[in-house]
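2 protein chains.
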Amino acid sequence: MLKYSDDLDKAFLALADPTRRAIVDRLTRGPASVSDLAAPFAFTLAAIMQHLRVLEQAGLVSSQKQGRVRTCSIEPEALRSVEDWISERRTTWERRLDRLGLLLDGPDPAPSPSPTSPTGERP
Amino acid sequence: MLKYSDDLDKAFLALADPTRRAIVDRLTRGPASVSDLAAPFAFTLAAIMQHLRVLEQAGLVSSQKQGRVRTCSIEPEALRSVEDWISERRTTWERRLDRLGLLLDGPDPAPSPSPTSPTGERP
DNA sequence: CGAATACTTAAGCACAGGCTTAAGTATCCA
DNA sequence: TGGATACTTAAGCCTGTGCTTAAGTATTCG
């Protein structure tokens, strides 16, 4: 099957793992080498490398190699786009609640143009 | 291996699937039945049910059955907690940048107490 | 040069995720 | 009552994820 894969898919998936979230959390306090990032964990370096690859492919982390040391940094724009996706949905929901509140409070029983309410609900 | 599983794990994992994000998106515009939610997709109803279970176990969606119809709604608090996690990391990162900016701009070359900078970076 | 360091790659394994089909149960309506 | 409707559950399949071990390469230092 052809799988449609978004940037958002990769970002959410990357953040769904606690080890990777811990790595992101560490990187918000400044860049770090692969060994630095691996130090807090009981996993092998290879495992951490794989987590870093997931984070990089999601655009959440970037890295560059200088000599034999690879330094990783977070990429805040990717973080932002995930945040924005959620924020948009939450505000859509809240606006809807406001609109419902107005309809319930408003003393003006103007007739609806369509048989179903504008919110799509069926009371 | 014992797997430590957070609420945040489940929420991010739930949102990592495009079908499930589409369901969440739909629900921000108002409650819907399982069939309503399934209608836009080429999948079987069973597949959608499984997606809904993931969303419910992540706390992102709630549902109640009335007669033979199950009506689903989003649970905005779970959405908020995911948003907050990201927001906190992003602001940590931005505050760090501000601090660095001040250090670079500030004309006061007061001696650092430690050999490494407070940000943990090694220039 | 040669050994230690810092990653990097590859293979393999156990298990979870996302679908399907093929049933089943519980309403609702004529 | 009987059939259509709206889920619900279970089994199976295939792929992907998260680790491991066991190598490898490239730098740096004595």
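Chains A and B supply the protein sequences, listed in that same order.
For the first sequence, numbering that gives the first Met the number 0 begins at 0 and goes up steadily by one.
For the second sequence, numbering that gives the first Met the number 0 begins at 0 and goes up steadily by one.
Cβ atoms here follow ideal geometry from the backbone N, Cα and C, with glycine treated the same way.
Taking C-beta atoms as the reference points, C71(B) and S62(B) count as a pair closer than 7 Å.
Excluding the 5 residues flanking it on each side, R19(A) has same chain C-beta neighbours closer than 7 Å at A13, H50, V53, L54, in chain order. Going by C-alpha positions, A46(A) is about 13 Å away from P17(A).
The residue among E93(A), L99(A), V23(A), R67(A) with its C-alpha nearest the C-alpha of A57(A) is V23(A). For R69(A), the uninterrupted beta strand (DSSP E) run begins and ends at 68-73, by DSSP. By alpha-carbon distance to R67(B), the top candidate from A37(B), S32(B), M48(B), F40(B) is S32(B).
Among the bridge pairs identified by DSSP, K64(B) is matched with R69(B).
When Cβ-Cβ separations below 7 Å define contact, F42(A) makes no contact with chain B. Cβ-Cβ distances below 7 Å link K9(B) to Q56, A57 in the same chain, with the five nearest sequence neighbours on each side left out; the list follows chain order.
For D6(A), the enclosing alpha helix (DSSP H) starts and ends at 6-14. Secondary structure within the segment 20-102 of chain A: the beta strand (DSSP E) runs of 3 or more consecutive residues, fully enclosed, are 60-65, 68-73 (chain order).
Contact of T91(A) with chain B is assigned, a C-beta pair being separated by under 7 Å.
At a Cβ-Cβ threshold of 7 Å, T43(A) and I73(A) do not count as neighbours. Under the 7 Å criterion on CB atoms, L51(A) is classed as non-interfacial with respect to chain B. Among the residues of chain B, those whose CB is under 7 Å from the CB of S86(A) are E82, following chain order. When CB distances to chain B are screened at a threshold of 9 Å, the residues of the segment 5-23 of chain A falling below it are D5, L7, D8, K9, A10, F11, L12, A13, L14, A15, D16, P17, R20, V23, in chain order. Here the alpha carbon of T91(A) sits roughly 14 Å from the alpha carbon of E76(B). P75(B) has a beta carbon lying within less than 7 Å of a beta carbon in chain A.
Across the set D5(A), G29(A), D6(A), F11(A), the C-alpha of G29(A) shows the shortest separation from the C-alpha of R98(B).
By the criterion of a C-beta distance shorter than 8 Å, L101(A) is surrounded by no residue of its chain, once the five residues flanking it on both sides are discounted. For the C-beta of R98(A), not a single chain B residue is nearer than 7 Å; the gap to the nearest is close to 10 Å.
Here the alpha carbon of M48(A) sits roughly 10 Å from the alpha carbon of S34(A).
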